[in-house]
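By the numbering used here, the letter at position 48 of the sequence shown is numbered 37, and the numbering carries on one by one without gaps.
Here a beta-carbon is modelled for each residue, glycine too, at the ideal position from N, C-alpha and C.
Report on the following structure.
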Amino acid sequence: MLRRFAAADGAQGTCVLFSGGGTRSGVMKAQLMAEYAHSVLEFDGTVLPEDHRATTWGNITNVFPLLEDADR
């Protein structure tokens, strides 16, 4: 999915938001996915990791303000 959106405009102006807090190992899910997008998928657009909540509902609450101005 990320590759499809990035390919649409060469990642220029594309911003991807990942959310997810810590795991038992201490790794933040959002940061892990952001690193994967850059290193493995070679995504060079903007990545916003939201990693301040450990629950799904907490993630949703924190993500809403970040999506207010999104086109898609």
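For serine 28, which residues in the same chain have their Cβ closer than 7 Å to its Cβ, ignoring the five residues on either side in sequence? Here residue 28 is taken as the residue at index 39 of the sequence shown, counted from 1. For serine 28, where only same-chain residues beyond five positions count, there are no Cβ hits under 7 Å.
Within 7 Å, strictly: CB atoms of leucine 37 and leucine 56: Counted from its first residue, the sequence shown places residue 37 at position 48. Counted from its first residue, the sequence shown places residue 56 at position 67. In this structure, leucine 56 does not lie closer than 7 Å to leucine 37 by Cβ.
Leucine 55, DSSP secondary structure in three states: Residue mapping note: residue 55 aligns to position 66 of the sequence shown, counting from 1. In the structure shown, leucine 55 sits in a helix (DSSP, three-state: H, G or I).
Straight-line CA distance for valine 52 to serine 8? Position 63 of the sequence shown, counted from the start, is the residue given in the question as residue 52. Position 19 of the sequence shown, counted from the start, is the residue given in the question as residue 8. Distance between the alpha carbons of valine 52 and serine 8 is about 7 Å.
Tell me whether the beta-carbon of alanine 23 lies closer than 7 Å to the beta-carbon of phenylalanine 32. Stepping through the sequence shown from its first residue, residue 23 is reached at position 34. Stepping through the sequence shown from its first residue, residue 32 is reached at position 43. The answer is no: Cβ separation not under 7 Å.
Report all residues from its chain with a CB closer than 6 Å to the CB of alanine 18; omit the five preceding and five following residues, and keep chain order. Taking the first residue of the sequence shown as 1, we reach residue 18 at position 29. The question names alanine, but residue 18 is lysine in the sequence shown. For lysine 18, where only same-chain residues beyond five positions count, the Cβ hits under 6 Å are Gly9.
Beta-carbon contacts of glycine 11 that lie in its chain and below 8 Å, excluding the five residues immediately before and after: To locate residue 11, count along the sequence shown from 1; it is residue 22. Cβ neighbours of glycine 11 beyond the five flanking positions: Met17, Lys18, Asp40 and Ala43.
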